[in-house]
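Q:
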Amino acid sequence: MLNRFSDELHNCEESNLSKDFLTEEIKGLEDAQRIELPNFLPCEAFLRIFRRKVERISYLPIKFTEKYWDYIDNVVTSVLTRHSEMYYQLKVLAKGAAHNLVQKLREQSINRVNEIVEMEKLTGYTCNPDYMREWNELMNQQDYFINQITGTDMMLPPYLEDLPGFGEIQGLREVQGLGEIQVEHLRQHSNVSILRQAFDLKMRMVAYWKIFK
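The UniProt record's numbering applies: residue 1 is where the sequence shown begins, and numbers increase by one.
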């Protein structure tokens with residue numbers, strides 16, 4: 001059951017981090033441009049995107065919690081039925097009491113899950129060391145990726161030689177950890193600074209989302 005939930009979470013649409021690549025990040029940055037410092041990404045842009053992503057998957061933990069308590073309810077009912085088969089009135093009372101208890105615990109669990117989801121929307125913080133490691137690895141690709149979009153540099157740097165197919169397919173680019181992505185929609189953006197910030201913001205989200213999931 002837990003494995004199925006994990007699969008659902010990893011295969012949901014919000015986990016497809018290459019779809020409409022940088023589109024949401026660019027919009028978020030443009031909306032937050034009025035609060036901008038050099039070399040600093042607007043925190044509000046990250047949190048807005050993160051909140052939307054969490055909101056879109058918030059039904060999954062609720063769904064899992066309901067399935068979990070359905071399973072508990074079935075197991076408890078089955079055990080009580082088997083051990084009270086010869087005592088009809090006791091069986092009826094025991095099943096009713098057990099069902100009511102399970103429903104009460106189910107409601108408490110769902111409320112707690114909702115609280116956790118709401119708290120996650122407000123934080124955007126982690127002390128996991130894997131976050132910085134993952135983000136730094138992803139950011140190693142920024143210069144080459146941006147140059148490929150803007151057409152300012154077609155030379156492949158040595159640290160990207162291990163990325164087979166990087167930039168070889170018309171209209172596609174490969175980003176380590178994300179695979180091939182559509183980039184034609186990005187060529188219309190003349191503001192290289194926004195593109196670089198959007199790439200940074202996306203890589204932060206990719207690194208954080210892996211920990212969050």
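We treat Cβ as the ideally placed atom computed from N, Cα and C, and that holds for glycine.
Taking the alpha-carbon positions, what's the asparagine 74 to glutamate 13 distance?
A: Taking the straight line from one Cα to the other gives about 31 angstroms.
Q: Where arginine 112 and lysine 19 are concerned, what is the direct C-alpha to C-alpha distance, given to the nearest angstrom?
A: 32 angstroms
Q: What first and last residue would you give for the alpha helix (DSSP H) that runs through asparagine 3?
A: 2–11
Q: Mapping DSSP to helix, strand and coil, what is glutamine 141?
A: In the structure shown, glutamine 141 sits in coil (DSSP, three-state: anything other than H, G, I, E or B).
Q: Where are the alpha helix (DSSP H) runs, 4 residues long or more, that stay fully inside the UniProt domain "Dynamin stalk" (5–139), in chain order?
A: 23–31, 43–57, 59–83, 88–123, 129–139
Q: Work out the CA separation of tryptophan 209 and arginine 48 for me, nearest whole Å.
A: 14 angstroms
Q: For residue 235, does the three-state DSSP call read helix, strand or coil?
A: Look at the range of the chain in this structure, 1 to 213, and you will see that residue 235 is not part of it.
Q: For asparagine 147 and glutamate 24, I'd like the C-alpha separation in whole angstroms.
A: Going by the C-alpha atoms only, they are around 20 angstroms apart.
Q: Buried or exposed: where does aspartate 200 fall if 16 or more other Cβ atoms within 10 Å of its Cβ makes it buried?
A: Counting Cβ neighbours within 10 Å, aspartate 200 comes out buried, since at least 16 surround it.
Q: Just tell me which of Glu30, Met119, Gly96 has its CA closest to the CA of valine 192.
A: For valine 192, the closest of Glu30, Met119, Gly96 by C-alpha to C-alpha distance is Glu30.
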